[in-house]
């Protein structure tokens, strides 16, 4: 790993759907407001500074779908999502 001896830490941030204009989700009520996403992410990083990844509550069902066998339900939930 290139960062192994650099003194830097890599933390993977698993994002939820975020309500922004970037991907046309600004009006999608299922997406998380950007300010809320940023606040949650910074809070998680403060609470768990040595974590290998951070997963907020809005992203957890997507992150865990394969492990707990709910991929079908998660995809069905996103059926109308663009």
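In the numbering used here, the protein residues as written are 540 to 621.
Even glycine gets a Cβ: it sits at the ideal position worked out from N, Cα and C.
For residue 572, the closest C-alpha among the options 550, 611, 595 and 588 is that of 595. In the structure shown, residue 558 adopts extended strand secondary structure according to DSSP, grouped into three states. Bounds of the beta strand (DSSP E) holding residue 593 are 592–594.
Taking C-beta atoms as the reference points, residue 592 and residue 553 count as a pair closer than 8 Å.
Residue 558 counts as buried, since no fewer than 16 other beta carbons sit within 10 angstroms of its beta carbon.
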